[in-house]
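Peer 1: In mature numbering (1 follows the signal peptide of the UniProt record, and there is no 0), the protein residues as written are -27 to -1, 1 to 953.
1. If you pair each beta-carbon of the segment 281 to 293 with each one of the segment 218 to 226, do three or more pairs fall below 8 Å?
2. In the DSSP assignment, the beta strand (DSSP E) including residue 545 goes from what residue to what residue?
3. If I measure Cβ to Cβ from residue 544 and keep anything under 6 Å in the same chain, skipping five residues before and after, which residues do I get?
4. Go ahead and pull the three-state DSSP assignment for residue 515.
5. With DSSP collapsed to three states, give me the class of residue 155.
6. Can you grab the Cα-Cα spacing for the pair residue 685 / residue 465, in whole Å?
7. Unbroken beta strand (DSSP E) runs of length 3 or more, entirely within the segment 410 to 458: which are they?
8. Output needed for residue 498: all residues of its chain with C-beta closer than 7 Å, excluding positions within five of it in sequence on either side, in chain order.
9. Reducing DSSP to helix, strand and coil, say where residue 304 ends up.
10. Give the range of the alpha helix (DSSP H) segment to which residue 282 is assigned.
11. Decide if residue 957 is buried, meaning its Cβ has at least 16 other Cβ atoms within 10 Å, or exposed.
12. Report the three-state DSSP secondary structure of residue 477 (helix, strand or coil).
13. Note down, in chain order, each residue of its chain lying with its Cβ closer than 6 Å to the Cβ of residue 623, except the 5 sequence neighbours on either side.
14. Only counting the same chain, and skipping five residues up and downstream in sequence, which positions put a Cβ closer than 6 Å to that of residue 601?
15. What does the Cβ neighbour count give for residue 760, buried or exposed, with the cut at 16 atoms within 10 Å?
16. For residue 561 versus residue 711, is the C-beta distance shorter than 8 Å?
17. Tell me which residue opens and which closes the beta strand (DSSP E) that residue 645 is part of.
18. For the segment 210 to 221 and the segment 320 to 338, state whether three or more C-beta atom pairs, one from each stretch, are separated by less than 8 Å.
19. Contact defined as beta carbons within less than 8 Å: I believe residue 107 pairs with residue 496. What is the distance between those atoms, to the nearest angstrom?
20. So, is the C-beta of residue 554 closer than 8 Å to a C-beta in chain B?
21. Here's the rule: buried if 16 or more other CB atoms are within 10 angstroms of the residue's CB, otherwise exposed. What is residue 657?
22. Pick from 104, 327 and 752: whose alpha carbon is nearest that of residue 406?
23. Sorted by chain position, which residues of the same chain lie with C-beta nearer than 6 Å to residue 966's C-beta, five sequence neighbours on each side aside?
24. Give the DSSP-derived three-state secondary structure of residue 932 in the structure shown.
25. Alpha carbons only, please: which of 681, 646, 147 and 637 is nearest the one belonging to residue 87?
26. At what residues does the alpha helix (DSSP H) containing residue 761 begin and finish?
27. Can you look up residue 236 in the DSSP assignment and give me helix, strand or coil?
28. Among residues of its own chain, excluding the 5 on either side of residue 260, which ones have a beta-carbon nearer than 7 Å to its beta-carbon?
29. Could you check where the beta strand (DSSP E) with residue 573 kicks off and where it finishes?
30. Just checking my contact of residue 555 with residue 687 at CB under 8 Å: how many whole Å lie between their CB atoms?
31. How about the segment 442 to 459 and the segment 165 to 180: do they share at least three Cβ pairs that are nearer than 8 Å?
32. Closest to residue 583 by CA distance: which of 459, 640 and 597 is it?
33. Are the segment 387 to 402 and the segment 199 to 218 in contact at 8 Å, needing three or more beta carbon pairs?
34. Do residue 529 and residue 613 come within 8 Å of each other at the CB atom, strictly closer than that value?
35. DSSP three-state call for residue 398: helix, strand or coil?
36. Quick one: which unbroken alpha helix (DSSP H) runs of 4-plus residues sit fully inside the segment 578 to 612? Chain order, please.
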């Protein structure tokens, strides 16, 4: 109100000045200190506004309220925030005043969308509303100092120490038989509390279902000899072809490697005084330098000099380092130990193993293996070749070796002895080595000061975690874990090494990345764009598939022995969690204090996503501040990163208190360094333009999904890690299914029933045993499955042949019988109508057709031969096998003639007697014919001719006396008989 009055006064004063034509007219903005003083923000939540340290005031004291605040920084950017606690209490009071019907209507309107309070805000305005800066970068550039290099890269030439172990990734290469790298890591978490999301980079890598939930990478242990850097020549890099040409042009002998010590320290990730310090763990090694006779330079120095000259000869780019690197093996980053004591114990144990290696290889050892391998990783199982000893490798990125370069000679006998020493029994070296004879740095903190992790200093804000650093664990949790619930947003990427299914079609995040390095300078980690990297990317980042998601609730480790909750029990609990369709709405693109580029989504505490977070905290959260979780199964965890009393209203956003773990964000890249502040501002301006488009496209948010994945949208996913989506849950208890590595499995895979009542209990209805009992398979399905693949194929082929045969018959019939101009369809309909008549009609029609055909044949024979010839024909046929049928025809004709002449019944009876006699005589003749032999054929034929003449005379005497007969037939009749 004061601002409006001030603006009105300024406008009036300007108009008065113009009206009076005065030359000395001035206007002044209102004094901002008086505006700040009038706000009277004295609540505790206001004092903690924008606090990055728990329970630390950031609001100026009362004495400073009379002074103007600087127009920059988080205090000024957060000037529009409301008192979140008062707003929350006011909102709860309004809800209590609603009737049940009004509350249900309000709840229904919230669950069908989200984020309606800031529809009119642009992405840039909403960014400042959340207290972030969307116009500047937060990570400094780490360039090589060469002005011609416009892109930082991670490709290099080096030596690999990769091993394949039973506890590691099964696809790891076995390239080092000399150093048992798994003996210098703490896979069992005896000393280490947590690490970054990659975990141990040495010792075999990680499996997909590891309890820690680390990224399932293969072993990537190595030491760099020469940093190639970027591979895009247009930005000052060196192409892969140039690297191959230079390495082919030089020769080198097998270089021996000597292990020095394992040390701590490094950059780390934590900067708060109340947390455990974090750092890197590194194995320091050195290349053994050997000198030829009368040569002042070692073989290794000559190799480096020749390699630099070869790179210059192939026009290598300026992004390549001008000097060799200090050989070392990065073992892990962002490591946090349980205490300084545990840290010292770990480094002592690791360096004792290194002391054993030094005893085994006093003058170093040539690294190699007797195994077989093939590069790059996508061809690891094709045309494997012998690895050998003394190879150098080109690493496109830390995890991907693309080519091996062998040494120019075989091993000497002494070199071969040490390189193959581990093929024999080396237990004597471990028994004799009991102390460490070298110095090592065992501290990751400052000056090795004492520290100890205090689990009770844990708070709900720690759920907002930097994934490049280790976790601070809550009480009774002995192992970290990366398992979490979230919303999958990834799409099929262009990676040739890894691929994923498309989980949503609503957002194309490719518009938010800078693959051409127009704005960015480098990445602070080996990971590039988390939206998915391509093979051949210029920065040499790890070729990852698209892993974009919105993490919602971290459940921690799945190891029950370390305080976690098993994967099967997590699924049981969440299957009974009823939640509405999850709507999300992008807010703005920004870079957080850890240097990560993120896409913030609106944190609507009263949306379905907010209610889901509340219920998850109630069911699986930690017992904290006298709040305990509760669920029907009684399964709980000590390693979740959310408290049972945490709520969505305590999360981030202008309407929330910013003290909880609810803050839906999607990480796009870690530790991004821009070329300049102007480039950073241009990058975020471009990205937020797309965010504004999405905000206008989905003003009430959107439930993401595809036609093949979560068709109705708004599903919840259970992630084993950032890489692997395992289980998917539909809203409104719509069911769940397993989604792992792009393969969908039946939703009934689960252990045996554990709830009381067995399958009669509805809680067990989703289990294998109960599902099969409640949904028995039909007999047809069982019979079909019992046929097996061969039987099913046979049935299919027979059915196919039957169909094709029926179709062929129909076409042939249709071509013959269809009318002129009639289509095949019309003929089929007509034919079906004709065949659909009654059975009696069909039989009557058949008999009529048969009679008509016989009458037609008789009429034709009568026309051809006449009456006498017809009688003669019947007599001649009586001697054949069908004599009975022809005689029957004669009887019909004789009876018809008698009927026409109206003869007496006595005549008909005598005629019938004679017919019977003829039947018996004809049957006897048939028997005689069957019994007669071929030798009596002529005599039997004579008998038959005589019988035919007597039969003919009898039949003529029975005929009507009015018919004229001649004793001898005329010539025409004889000729007709001869023809017949």
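A virtual CB, placed ideally from N, CA and C, is assigned to each residue, including glycine.
Peer 2: So, from the data block:
1. Counting Cβ pairs under 8 Å, three or more are found: they touch.
2. Not the beta strand (DSSP E): residue 545 falls in the alpha helix (DSSP H), residues 540 to 548.
3. Hits under 6 Å: 700.
4. Look at residue 515 here: in three-state DSSP terms it is coil, with no helix or strand label.
5. In the structure shown, residue 155 sits in a helix (DSSP, three-state: H, G or I).
6. Distance between the alpha carbons of residue 685 and residue 465 is about 20 Å.
7. None, since the segment 410 to 458 contains no complete beta strand (DSSP E) of that length.
8. Cβ neighbours of residue 498 within its own chain (closer than 7 Å, five residues either side excluded): 441, 643 and 644.
9. Residue state, collapsed to three classes: strand.
10. Segment 272 to 286, the alpha helix (DSSP H) holding residue 282.
11. Because the chain spans -27 through 953 in this model, residue 957 falls outside it and cannot be assessed.
12. Of the three classes helix, strand and coil, the one that applies to residue 477 here is coil, per DSSP.
13. Sequence-distant Cβ neighbours of residue 623 in its own chain, meaning closer than 6 Å and more than five residues away, are 630, 632 and 633.
14. Here residue 601 has 617 as same chain residues with Cβ atoms under 6 Å from its own Cβ, once five neighbours each way along the sequence are excluded.
15. Exposed, since its Cβ has fewer than 16 Cβ neighbours within 10 Å.
16. No, the Cβ-Cβ distance between residue 561 and residue 711 is not below 8 Å.
17. Where residue 645 is concerned, the enclosing beta strand (DSSP E) stretches over 645 to 647.
18. At 8 Å Cβ cutoff, the stretches do not touch.
19. Not quite, the Cβ-Cβ distance comes to about 20 Å (not below 8 Å), so this is no contact.
20. Absent from the structure: chain B. Only one protein chain is present.
21. In this structure residue 657 is buried. Its beta-carbon is surrounded by 16 or more other beta-carbon atoms within 10 angstroms.
22. The candidate whose alpha carbon is nearest that of residue 406 is 327.
23. Coverage of the chain is limited to positions -27 through 953, which leaves residue 966 absent and any answer about it impossible.
24. Confidence in residue 932 is poor, its pLDDT being 41 and thus under 50, which makes the residue's placement unreliable; the coordinate value appears in the next sentence. DSSP, read as helix, strand or coil, puts residue 932 in coil.
25. Looking at the Cα atoms, 637 is the closest of the given residues.
26. Where residue 761 is concerned, the enclosing alpha helix (DSSP H) stretches over 752 to 790.
27. If DSSP states are grouped into helix, strand and coil, residue 236 belongs with the strands.
28. These residues qualify, in order along the chain: 228, 230, 273 and 300.
29. The continuous beta strand (DSSP E) containing residue 573 extends over residues 570 to 574.
30. Right, their Cβ atoms sit about 4 Å apart.
31. Of all C-beta pairs linking the segment 442 to 459 to the segment 165 to 180, three or more are shorter than 8 Å, placing the two stretches in contact.
32. Measuring from the Cα of residue 583, the nearest candidate turns out to be 459.
33. Short answer: they don't touch.
34. Going by beta carbons, residue 613 and residue 529 fall inside the 8 Å limit.
35. DSSP places residue 398 in coil when its eight states are reduced to three.
36. Correct list: 581 to 593.
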